[in-house]
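> So that we are looking at the same thing, I have put the structure below in structure tokens.
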Amino acid sequence: MSEEQHEFKIKFRGTRGSYPTPKYNFLKFGGNTACVEVRCGKQLIILDAGTGIIDVGLDEIKNSIISEVKHPYHATIILSHIHQDHIQGLQFYKPLFIPDSIINLYGLNVNNENLRDTLETVLFDKVFPLGLDEISSNFNIHNFSQNDAIVISQNGETRVYDVKDSSLDLSEDDILITAFKTAAHPKNGCLNIKVQYGGKTLVYATDKESYIGADKKFIQFAYNCDCLIHDAQYTYQDYVNPIQSKQGFGHSTYEMAIETSELAKAKSTYFFHYDPEYDDNKLSMLEEEFENKKNNTFFAKENHEIIL
């Protein structure tokens, strides 16, 4: 592959938490809900399917599927959990409706419920014109846990191993995806995702509330990563507000994210999953404050790209 084909590229497609904010004064940082597009060589991996995934699909239709025919089209979607702001764009991801496309979706099953059955209930049959059985692509939904390791080759072949399996075999161009489950949010848990490719590591930690002194197990999971995308929904003042405290809601403050980043020795950190009440003015003031507190710490902005 050429140097460009070997790239590990990250693009923020939705940076907002809770619900979309399609307003003029929310455009600098973005109004779409959680979605991060990841390109590892020739393979597309999408972390969460908030409303940001809609534009991923539109660009794929324009750039990959129509103008440069690829047979079959292949994409992998990883869901951290199934709260609305992480799945509400999935039905509008246009490649789902392209025949012969191969789209593999992985996510946490809870209470021994099959993820496919859950998504069919909450996204398709009862609330959408089509049922899952009417989706024209080869759409495969798999249960995924922190005990699993997903390996994706550059030809799209996907294998799932036990994460402790000593026979796990990786070639130089393979992509390795593993997870760390947190229990604070939602009540049934959330997966933080690690993507490793070409000697580089991305850790995606949305809906992650930290502890006093930080989460030591998560720090071990994220240790020495090249890029940490970390939940930072609240200011400290909102988090401890005596009238409407946000403690226990499953989200971090900016201070929590910085502490975690420092202890994990992350090479770069991006704040993510902004409160929908924080407009561009407020986030710009926070950006000026916190980007000066720690080097290589940034506020994620919709459509901003990073190359690791």
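Each step along the sequence shown adds one to the number in numbering that gives the first Met the number 0, with nothing skipped, and position 44 is 43.
The beta-carbon is built from N, C-alpha and C at its ideal position, and this holds for glycine as well.
It should be emphasised that the depicted structure is a prediction, and the values quoted were computed from it without experimental measurement.
According to DSSP, is Tyr233 helix, strand or coil?
The residue you call residue 233 lines up with position 234 of the sequence shown. Reduced to three states, the DSSP call for Tyr233 is strand.
> Note down, one range per segment and in chain order, each alpha helix (DSSP H) of at least 4 residues found wholly within the stretch 186–232.
Unbroken alpha helix (DSSP H) runs of no fewer than 4 residues, entirely contained in the stretch 186–232, are found at 215–221, following chain order.
> As an exercise, report each continuous beta strand (DSSP E) stretch of at least 3 residues that is fully enclosed by the stretch 54–115, in chain order.
If we require 3 residues or more, the beta strand (DSSP E) runs fully inside the stretch 54–115 come out as 73–78, 101–106.
> Rounded to the nearest angstrom, how far is the Cβ of Asp274 from that of Gly16, given a contact under 8 Å?
Counting from 1 along the sequence shown, the entry for residue 274 is found at position 275. Counting from 1 along the sequence shown, the entry for residue 16 is found at position 17. The Cβ separation is near 6 Å, so the contact holds.
> For Asn187, which residues from the same chain have a beta carbon less than 8 Å from its beta carbon, with the 5 sequence-adjacent residues on both sides left out?
Taking the first residue of the sequence shown as position 1, residue 187 is located at position 188. The answer, listed in chain order, is His80, Leu107, Val109, Asn110.
> From this set, Arg38, Asp116, Phe220, Gln243, which residue's C-alpha is nearest Ile140's C-alpha?
The residue given as residue 140 occupies position 141 in the sequence shown. The candidate whose alpha carbon is nearest that of Ile140 is Asp116.
> Please confirm whether Ser251 and Asp237 have their CB atoms less than 7 Å apart.
Looking up residue 251 in the sequence shown gives position 252. Looking up residue 237 in the sequence shown gives position 238. No; because the gap between Cβ atoms is not below 7 Å, this pair is not in contact.
> Look up Leu43 in the DSSP assignment and give the residues it is bridged to.
Indexing the sequence shown from 1 puts residue 43 at position 44. According to DSSP, Leu43 bridges with Arg38.
> With DSSP as the reference, please indicate the residues paired to Val159 in a beta bridge.
As a working note, residue 159 is residue 160 in the sequence shown. For Val159, which the question treats as bridged, DSSP gives the partners Ile149.
> Per the DSSP calculation, Leu175 is bridged to which residue(s)?
As a working note, residue 175 is residue 176 in the sequence shown. Beta-bridge pairing links Leu175 to Val150, Gln195.
> Ordered along the chain, which non-local residues of its own chain (more than five positions away) have a Cβ less than 7 Å from that of Asp58?
Taking the first residue of the sequence shown as 1, we reach residue 58 at position 59. If we look at Asp58 and ignore the five residues flanking it on each side, it has no Cβ neighbours.
> If distances are taken between C-alpha atoms only, which option among Tyr105, Gly247, Ile101 comes closest to Phe138?
Here residue 138 corresponds to residue number 139 of the sequence shown, with the count starting at 1. Closest option to Phe138, Cα to Cα, is Ile101.
> What residues in its chain sit with their C-beta under 7 Å from that of Gly30, if we drop five residues either side in the sequence?
Sequence index remark: in the sequence shown, residue 30 carries index 31 (1-based). Contacts found: Arg15, Pro19, Thr20, Pro21, Lys22.
> Closest by CA to Glu254, which one among Lys216, Phe143, Lys207?
The sequence position of residue 254 within the sequence shown is 255, counting from 1. The residue with the shortest Cα to Cα distance from Glu254 is Lys207.
> Quick check: Phe11 and His272, are their CB atoms within less than 7 Å of each other?
Taking the first residue of the sequence shown as 1, we reach residue 11 at position 12. Taking the first residue of the sequence shown as 1, we reach residue 272 at position 273. No.
> How far does the beta strand (DSSP E) with Asn142 in it reach, from first residue to last?
Indexing the sequence shown from 1 puts residue 142 at position 143. Bounds of the beta strand (DSSP E) holding Asn142 are 137–142.
> Comparing alpha-carbon positions, which option in Leu26, His85, Ile306 lies nearest Ala48?
Taking the first residue of the sequence shown as position 1, residue 48 is located at position 49. Minimum Cα distance to Ala48 is reached at His85.
> Would Asp279 and Asn24 qualify as a contact pair, given that the criterion is a beta-carbon distance under 7 Å?
Against the sequence shown, residue 279 aligns to sequence position 280. Against the sequence shown, residue 24 aligns to sequence position 25. Yes, they are a contact pair.
> Going by beta-carbon coordinates alone, are Phe143 and Phe179 separated by less than 7 Å?
Taking the sequence shown and counting its residues from 1, the one referred to as residue 143 is at position 144. Taking the sequence shown and counting its residues from 1, the one referred to as residue 179 is at position 180. Their beta carbons are not under 7 Å apart, which means Phe143 does not touch Phe179 by this criterion.
> So for Lys245, helix, strand or coil by DSSP?
For the purposes of this step, residue 245 is identified with residue 246 of the sequence shown, where counting begins at 1. DSSP places Lys245 in coil when its eight states are reduced to three.
> On the DSSP letters alone, give me the boundaries of the alpha helix (DSSP H) that Phe289 sits inside.
As a position in the sequence shown, residue 289 is number 290, starting the count at 1. Start and end: 279–289.
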